[in-house]
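First up is the structure itself, then whatever we jot down about it.
Number of protein chains: 2
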Amino acid sequence: MTPKDTAAQNRKEQILEAAAALFAEFGYYKTTTAEVARKVGVTQPYVFHFFKSKEELYLAVLKQATDRIVHAFTITEAPPEQLPEAMGEAFFELLSNYRNEILLAMMAHATPEPAVREFTRSVFDQVYDRVKQRFENAGIPDAGRKTSIFIGHGLMCALAESIQLPKLLHWEQ
Amino acid sequence: MTPKDTAAQNRKEQILEAAAALFAEFGYYKTTTAEVARKVGVTQPYVFHFFKSKEELYLAVLKQATDRIVHAFTITEAPPEQLPEAMGEAFFELLSNYRNEILLAMMAHATPEPAVREFTRSVFDQVYDRVKQRFENAGIPDAGRKTSIFIGHGLMCALAESIQLPKLLHWEQ
DNA sequence: TTAGTTTTATTTATTAATAAATAAATAAGG
DNA sequence: CCTTATTTATTTATTAATAAATAAAACTAA
Chain A
113 MTPKDTAAQN RKEQILEAAA ALFAEFGYYK TTTAEVARKV GVTQPYVFHF FKSKEELYLA
173 VLKQATDRIV HAFTITEAPP EQLPEAMGEA FFELLSNYRN EILLAMMAHA TPEPAVREFT
233 RSVFDQVYDR VKQRFENAGI PDAGRKTSIF IGHGLMCALA ESIQLPKLLH WEQ
Chain B
113 MTPKDTAAQN RKEQILEAAA ALFAEFGYYK TTTAEVARKV GVTQPYVFHF FKSKEELYLA
173 VLKQATDRIV HAFTITEAPP EQLPEAMGEA FFELLSNYRN EILLAMMAHA TPEPAVREFT
233 RSVFDQVYDR VKQRFENAGI PDAGRKTSIF IGHGLMCALA ESIQLPKLLH WEQ
């Protein structure tokens, strides 16, 4: 019962979810609006009743994903020395609960639509600042560098997932 | 005078170079064979005289790029304690000398053509093994984890370049 | 004149997007 | 209630554009 609790609102959420799964697996260009519609069980033009273009649909999914990420990095609490690990775990949990959306977000920079690139840029900018700030507040030395490494680590996890090369993330142990 | 030194061979190289630039900037799907041709100054169907499909052209560019990367990581020499830094510098040099190709290679995993994904997978697999082996030979402890971090770092540099967010790579200093 | 190089002309397929029609649900009035 | 009006939900039919790929012709130079 979030914004409105109508049948149409429900459809909109279903479309977002189907789109997340398809965009994550097949990318922006190889996902057709017809496939999204088919997955939900409606007709292709009906998708445009909720989103005025394919790009707008993609951006809606992407925003949902990045909001989750920013939120998680904002609320994670831990004793200062354990903050980076705790935030890494928070990301990992997100990845396991919302795999499609998160993979989508971590690969969005490879989608060359200007609006997508710009959105992605602003999100990484924001995430970098927030994470760095928190590292600094926790008294972690060299917070900027640690933040870069933290983000690189996230990219690496997403890569390992998307090409199915689990050996890349063997840090367990 | 590599394989053959004919005019056509020359054209093939020009096409590869134009394709690298366009694929790196606009990605696989938003780059048309017509634009590649126009950049070289030939007609669109002529591209198919050298590469039997757009995918084959893309894979040829990708292979050239990944061969450079694997080669660089193979030949870099340094005293054991400086090996990771030296290899990082080698990658950075590659990125500055062959920017288009290297960015292409670092984002290829987001191109959902099965052949591209599989190729990318096999290259990262190979790179991981080779880097880890060299780290181990240099007596670096926890070589597997260090290799993962090394790759994550490379992904992060490519991201920073592609979305133009230089703050991500402020480790200089 | 023949092999190598390149173009013109054309096809075929795909897909986002629009417009207009229909059906189902809800509400209002007698 | 029962029928008419109105909104909400959804479909059918269609367009318009784009782009990869093929085939065959033509040019060029040795």
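Protein sequence lines, in the order shown, are assigned to chains A and B.
For what it's worth, my numbering labels the leading residue of the first sequence as 113, then goes sequentially.
For what it's worth, my numbering labels the leading residue of the second sequence as 113, then goes sequentially.
Glycine included, every Cβ here is placed at the ideal spot set by N, Cα and C.
As the structure is a prediction and not an experimental result, all values here were calculated from the model.
Cutoff 7 Å: residue i Cβ touching any chain A Cβ
i, result
"A131 (chain B)", "no"
"D254 (chain B)", "no"
"I187 (chain B)", "no"
"G264 (chain B)", "yes"
"E273 (chain B)", "no"
"R233 (chain B)", "yes"
"V204 (chain B)", "Going by the sequence as given, residue 204 (chain B) is Phe instead of Val. F204 (chain B) does not count as touching chain A."
"G139 (chain B)", "yes"
"L134 (chain B)", "no"
Secondary structure of residue i, DSSP reduced to three states
i, result
"V154 (chain B)", "coil"
"S234 (chain A)", "helix"
"H282 (chain B)", "coil"
"A165 (chain B)", "Before going on, a small fix: residue 165 (chain B) reads as Ser here, not Ala. Coil at S165 (chain B), not helix or strand."
"G251 (chain A)", "coil"
"E225 (chain B)", "coil"
"T144 (chain A)", "coil"
"T188 (chain B)", "coil"
"A149 (chain B)", "helix"
CB contact below 7 Å: residue i versus chain B
i, result
"P224 (chain A)", "yes"
"I214 (chain A)", "no"
"I181 (chain A)", "no"
"I127 (chain A)", "no"
"H161 (chain A)", "no"
"K142 (chain A)", "yes"
"S260 (chain A)", "yes"
"T174 (chain A)", "The residue asked about is misnamed: residue 174 (chain A) is Leu in this sequence, not Thr. No, because no Cβ of chain B sits closer than 7 Å to the Cβ of L174 (chain A)."
"L267 (chain A)", "yes"
"F247 (chain A)", "no"
"M219 (chain A)", "yes"
"L169 (chain A)", "no"
"F236 (chain A)", "yes"
"L207 (chain A)", "no"
"L280 (chain A)", "yes"
Boundaries (first-last residue) of the alpha helix (DSSP H) holding residue i
i, result
"L267 (chain B)", "255-275"
"A198 (chain B)", "195-209"
Cβ-Cβ separation, residue j to residue i (assumed contact under 8 Å), whole Å
i, j, result
"D237 (chain B)", "L277 (chain A)", "6 Å"
"T232 (chain B)", "F247 (chain B)", "So it is not a contact: roughly 22 Å between Cβ atoms."
"T143 (chain A)", "F135 (chain A)", "5 Å"
"F185 (chain A)", "V243 (chain A)", "6 Å"
"A131 (chain B)", "V182 (chain B)", "In fact, because the Cβ distance is near 20 Å, the residues do not count as touching under 8 Å."
"F213 (chain B)", "A270 (chain B)", "It should be pointed out that residue 213 (chain B) corresponds to Glu in this sequence rather than to Phe. Going by Cβ atoms, the distance from E213 (chain B) to A270 (chain B) rounds to 12 Å, so no, they are not a contact pair."
"F160 (chain B)", "I127 (chain B)", "Actually they are not in contact, since the Cβ atoms of F160 (chain B) and I127 (chain B) sit about 10 Å apart, beyond 8 Å."
"H221 (chain A)", "S274 (chain B)", "6 Å"
"M218 (chain A)", "I263 (chain B)", "Wrong, their Cβ atoms sit about 14 Å apart, outside the cutoff."
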